[in-house]
């Protein structure tokens with residue numbers, strides 16, 4: 517029986533472990549959290565950090581694994597590529613994966629290879645930021661070079677809150693380095709994001725979608741996706757050309773890639789974040805519904821070096837997700853869905869139950885669950901999503917006490 521090493525056992529990563537087992541692989545899991553749910557699904561578990569490359573390599577050698585997968589995890593992606601490269605297993609280049617997982621290195625790569633990229637500088641010392649700040653035009657964004665899910669990110673329109681934004685960004689950086697960059701204004705209503713899938717160096721599935729934000733809670737943290745993307749066909753083609761060129765220059769040969777891009781008022785495409793892994797927030801599940809494929813199955817098999825021959829259907833219908841979230845800390849009482857919205861819900865994945873502690877939604881890890889929708893037309897989809905807070909109520913016990 518072939519063995520696959522899985523890096524990360526969070527609730528959203530369990531599906532990759534169960535899929536690998538269905539495919540007949542023996543699953544070995546590494547995770548540094550003692551309470552990760554994946555350990556109860558995997559065949560064997562090691563309490564090892566997924567960012568400790570040498571420790572993970574030791575596990576891989578000990579278990580004689582045939583493949584390594586960091587499903588939906590930016591921090592673990594370089595480790596997976598490193599271990600695979602050391603053991604001669606299937607993988608994208610470690611150098612390329614490292615570039616994509618470090619915002620500092622990624623901005624330099626874009627600049628050196630002719631892509632549109634904002635003025636950006638990386639810093640390890642806050643004092644250096646104060647010396648350089650006058651060379652940036654506001655608004656700017658301050659964020660860790662090595663985080664995902666908008667953890668530690670702040671958009672500043674003036675210098676007033678710079679110190680707190682810098683401290684916030686450093687608090688989420690494992691390597692104690694942050695990046696400051698000019699903020700690019702988009703011409704379209706939503707940032708474009710989603711997943712693409714690559715076979716033999718060519719993108720074969722274009723899972724480009726609208727990225728929704730909750731402006732009343734946190735304008736930086738994604739609260740869901742919707743399909744199809746609200747872009748002109750010419751802009752979609754420009755986005756596709758940009759992404760394929762990026763894949764070519766990085767020599768990415770296979771697998772899922774999570775993408776975020778902007779088209780500005782001059783029709784220029786700006787890559788914002790590109791992750792060498794499947795997207796979080798159950799993006800593969802949503803794209804599976806849209807394109808009638810099992811993306812988790814494809815991702816697991818490609819990590820084992822299997823050839824992917826799945827036929828990708830044309831995208832169809834109007835699908836969306838919404839990440840359930842709270843605008844305050846508290847104890848969850850219940851989640852209430854309106855009668856109107858219930859007509860369009862096709863799947864609910866709840867992470868929290870009544871009585872659980874919940875946190876203010878300042879990063880993706882604080883989501884309470886994910887809801888999937890299917891709509892009959894674009895107008896109804898956007899009407900519901902733009903007024904989502906009228907249809908979903910997160911009721912907490914603290915609210916009850918204040919009444």
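Numbering (the working numbering), first residue to last: 517 to 919.
The beta-carbon is built from N, C-alpha and C at its ideal position, and this holds for glycine as well.
Specify whether the region 850-858 and the region 571-579 touch according to this definition: at least 3 beta carbon pairs, one from each stretch, less than 8 Å apart.
Fewer than three pairs of CB atoms, one per stretch, sit closer than 8 Å, so the region 850-858 makes no contact with the region 571-579.
Am I right that residue 702 and residue 780 are in contact with their C-beta atoms under 8 Å? What's the rounded C-beta distance?
About 6 Å separates the beta carbons of residue 702 and residue 780, which is inside the 8 Å limit, making them a contact pair.
Please report the distance separating the alpha-carbon of residue 816 from that of residue 555.
Cα-Cα distance, rounded: 18 Å.
Can you say whether residue 634 is buried or exposed, counting buried as having 16 or more other CB atoms within 10 angstroms of its CB?
Classification for residue 634: buried.
Is DSSP giving residue 667 helix, strand or coil here?
Coil.
Can we say the region 792-808 touches the region 740-747, given the rule of at least three CB pairs closer than 8 Å?
Of all C-beta pairs linking the region 792-808 to the region 740-747, three or more are shorter than 8 Å, placing the two stretches in contact.
Which residues in the same chain as residue 849 place their Cβ atom closer than 7 Å to its Cβ, once the five residues preceding and following it in sequence are excluded?
Once the five neighbours on either side are set aside, the close Cβ partners of residue 849 are 870, 911, 912, 913, 916.
Does DSSP put residue 811 in a helix, in a strand, or in coil?
When secondary structure is reduced to three states using DSSP, residue 811 falls in the helix class.
Based on Cα-Cα distance, which residue from 750, 790, 713, 877 lies nearest to residue 810?
The candidate whose alpha carbon is nearest that of residue 810 is 713.
What are the start and end residues of the alpha helix (DSSP H) that includes residue 628?
Residue 628 -> alpha helix (DSSP H) spans 619-628.
Check the DSSP bridge columns for residue 522 and list the partner residues they point to.
Answer by DSSP bridge pairing, in chain order: 545, 585.
Going by Cα to Cα distance, which pick from 888, 638, 838 is closest to residue 618?
Nearest Cα to residue 618 within the set 888, 638, 838: 638.
What residue range is occupied by the uninterrupted beta strand (DSSP E) comprising residue 896?
For residue 896, there is no enclosing beta strand (DSSP E); the residue is part of the alpha helix (DSSP H) that begins and ends at 894-902.
Thinking C-beta only, is residue 613 closer than 7 Å to residue 599?
By the CB criterion at 7 Å, residue 599 and residue 613 fall outside the cutoff.
Along the chain, where does the beta strand (DSSP E) containing residue 850 start, and where does it finish?
846-853 is the extent of the beta strand (DSSP E) around residue 850.
Kindly indicate which three-state DSSP category residue 917 falls into: helix, strand or coil?
Residue confidence is low: residue 917 scores 43 on pLDDT, short of 50, so the model does not pin down where it sits. Its coordinate-derived value is still stated next. Helix, per DSSP.
Per-residue burial, residue 528 [other beta carbons within 10 Å of its own, 16 or more giving buried]
It counts as buried.
Pairs of beta-carbons, one from the region 681-690 and one from the region 766-780, closer than 8 Å: are there three or more?
No: the two stretches stay apart, fewer than three of their Cβ pairs being nearer than 8 Å.
Buried or exposed, going by whether 16 or more other CB atoms sit within 10 Å of the CB of residue 670?
Flag for residue 670 reads buried.
Residue closest to residue 605, alpha-carbon to alpha-carbon, out of 819, 685, 641, 900:
Of the candidates 819, 685, 641, 900, the one whose C-alpha sits nearest the C-alpha of residue 605 is 819.
Is it right to say residue 580 is buried, meaning 16 or more other beta carbons lie within 10 angstroms of its own, or is it exposed?
Residue 580 comes out exposed.
Less than 8 Å between C-beta atoms, sequence neighbours within five positions excluded: which residues of the same chain meet that for residue 919?
In this prediction, residue 919 scores a pLDDT of 40, lower than 50, which makes its location untrustworthy; no coordinate-derived value is stated.
Give me the Cβ distance between residue 520 and residue 543, rounded to the nearest whole Å; I'm assuming they're in contact under 8 Å.
Indeed, because the Cβ distance is near 6 Å, the residues count as touching under 8 Å.
For a quick check, are the C-beta atoms of residue 724 and residue 708 less than 7 Å apart?
Yes, the pair counts as a contact, with Cβ atoms nearer than the cut-off.
Taking residue 628 as the reference, which of 596, 589, 537, 765 has the closest Cα?
Comparing alpha-carbon positions, the option among 596, 589, 537, 765 lying closest to residue 628 turns out to be 765.
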